[in-house]
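Structure record follows, encoded as structure tokens.
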Amino acid sequence: MGSALNPINSSIIATGLVPIARELHVSVGATAVLVSSLYLASAVAQPTAGKLAEVLGPRRIFLSGIVLVLLGGLVGGLGRNLAMLTVARVLIGIGTSAAFPCAMVLIRRRAQEAGMDAPPGGVLGGIAIAGMATAAVGPPIGGLLVGAAGWRWAFFINIPVTAIAMVMAVRWLPKDPALDRADIGFRKIADRIDLPGILGFAASMTALVVFLMGLPDVKWAALAVFVVTAVPTVVWELRKTAPFFDFRGLAANGASPARTCARPSPSSASTP
Numbered sequence: 044m045g046s047a048l049n050p051i052n053s054s055i056i057a058t059g060l061v062p063i064a065r066e067l068h069v070s071v072g073a074t075a076v077l078v079s080s081l082y083l084a085s086a087v088a089q090p091t092a093g094k095l096a097e098v099l100g101p102r103r104i105f106l107s108g109i110v111l112v113l114l115g116g117l118v119g120g121l122g123r124n125l126a127m128l129t130v131a132r133v134l135i136g137i138g139t140s141a142a143f144p145c146a147m148v149l150i151r152r153r154a155q156e157a158g159m160d161a162p163p164g165g166v167l168g169g170i171a172i173a174g175m176a177t178a179a180v181g182p183p184i185g186g187l188l189v190g191a192a193g194w195r196w197a198f199f200i201n202i203p204v205t206a207i208a209m210v211m212a213v214r215w216l217p218k219d220p221a222l223d224r225a226d227i228g229f230r231k232i233a234d235r236i237d238l239p240g241i242l243g244f245a246a247s248m249t250a251l252v253v254f255l256m257g258l259p260d261v262k263w264a265a266l267a268v269f270v271v272t273a274v275p276t277v278v279w280e281l282r283k284t285a286p287f288f289d290f291r292g293l294a295a296n297g298a299s300p301a302r303t304c305a306r307p308s309p310s311s312a313s314t315p
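Just so we're aligned: the sequence shown equals residues 44 to 315 in my numbering.
Listed below in structure tokens is the structure:
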């Protein structure tokens, strides 16, 4: 259920853009920010969640993500302007991004406990299929919800789903080990998750999205911010031992950023 939240929220909003524009008295083109904001938040949050799951525990991060999705559903469903809806979509994007990397960490750890050399392909395939299938059914579900109850239910639908997912997670997911106080200081965590890399990537991608959404009018300021933040970020990541974005790993393995960043750190034992 957790892994299905991101793809279904990515696609379900498409059926509500025109009604949202009509009720909020904005152009349909302006509502495109509701789509791009979730994708942008997910691009930053998914690898970050993978890092945090390694440091703080996948159960804690998964439950935190569920709470953010619940909050985003409330803010969006009660939103009165496009700014509130955008904030809701960012919250939903960040929250739903925790599920997949946390699932990878949980599955890998369970496989290690069972003495397996690698996580079972059937389990990983089930997670992937859940994501792809829900992305496909998102528009029909969204059409039914918007047509029957209004566009606000494209947000409100997250409330019952996250409530069920939270109960299941609390009951069934194994508890994370207790945290050592020496390992949970802000500086320690910031170093392990590569906070400068996260901030640099977020700033550069935000500037790039602003630039692209402004076309055909060229927003030179946004392009300048992208260049100024992207170049140092790439240099920083290539030099860092445990980077936020493992460019070398991507080139060598052809892996997605989220999968690469959700892997164990090089110092982890018994890495599959």
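We put the beta carbon where it would ideally sit given N, CA and C, even for glycine.
By the beta-carbon neighbour count (other beta carbons within 10 angstroms, threshold 16), ASP237 is buried. Under the Cβ criterion (8 Å, minimum of three pairs), the region 126-145 does not count as touching the region 260-277. Under the 10 Å beta carbon count, SER70 is surrounded by fewer than 16 other beta carbons and is classified as exposed. Taking a cut-off of 8 Å on C-beta distances, the region 145-152 touches the region 97-104, as three or more cross pairs fall below it. The beta carbon of LEU111 sits closer than 7 Å to the beta carbons of LEU134, ILE137, GLY138 from its chain, once the five residues preceding and following it are set aside; these are given in chain order. Within 10 angstroms of the beta-carbon of LYS94 lie 16 or more other beta-carbons, which makes it buried. Annotation: PRO163 to ALA154 spans about 8 Å, alpha carbon to alpha carbon.
If you draw a 10 Å sphere on the C-beta of MET248, you find 16 or more other C-beta atoms in it, and that means buried.
Taking the CA atoms as reference points, SER46 sits about 6 Å from GLY174. Rounded to whole angstroms, VAL252 and GLY108 show a C-alpha spacing of 24 Å. Counting the other CB atoms within 10 Å of its CB gives ARG151 a total of 16 or more, which places it among the buried residues.
Spanning the alpha carbons of ALA273 and PRO182 requires a straight line of approximately 34 Å. For ALA57 against GLY185, the beta-carbon gap comes to about 7 Å, under 8 Å, which counts as contact. Restricted to the region 103-147, the alpha helix (DSSP H) segments that are unbroken, complete and at least 4 residues in length are 125-139, listed in chain order. Under the three-state reduction of DSSP output, VAL166 falls in the helix class.
Around the C-beta of ALA88, 16 or more other C-beta atoms lie within 10 Å, and the residue is accordingly described as buried. If the five residues before and after PRO50 are omitted, its C-beta is found closer than 6 Å to the C-beta atoms of GLY174, THR177, ALA178, all from its own chain and listed in chain order. When the alpha-carbon of LEU83 is set against those of ASP234, SER140, GLU66, the nearest one is in SER140.
Cβ neighbours of PHE244 within its own chain (closer than 7 Å, five residues either side excluded): VAL87, THR276, PHE287, PHE288. Burial check for ALA250: the Cβ neighbour count within 10 Å reaches 16 or more, so the residue is buried. When the alpha-carbon of SER54 is set against those of ALA197, VAL213, LEU67, the nearest one is in ALA197. Sequence-distant partners of GLY240 (beyond 5 residues in either direction) whose C-beta falls short of 8 Å from its own C-beta, in its chain, are THR276, TRP279, GLU280, LYS283, PRO286, PHE287, PHE288. In the DSSP assignment, PRO239 falls within the unbroken alpha helix (DSSP H) covering 238-257. Around the beta-carbon of GLY158, fewer than 16 other beta-carbon atoms lie within 10 Å, marking it exposed. Between LEU81 and ASN52, the beta carbon gap of about 7 Å places them in contact (Cβ cut-off 8 Å). When DSSP assignments are scanned along the region 143-219, the uninterrupted stretches of alpha helix (DSSP H) that are 4 or more residues long and fall wholly within it turn out to be 164-192, 196-199, 201-215.
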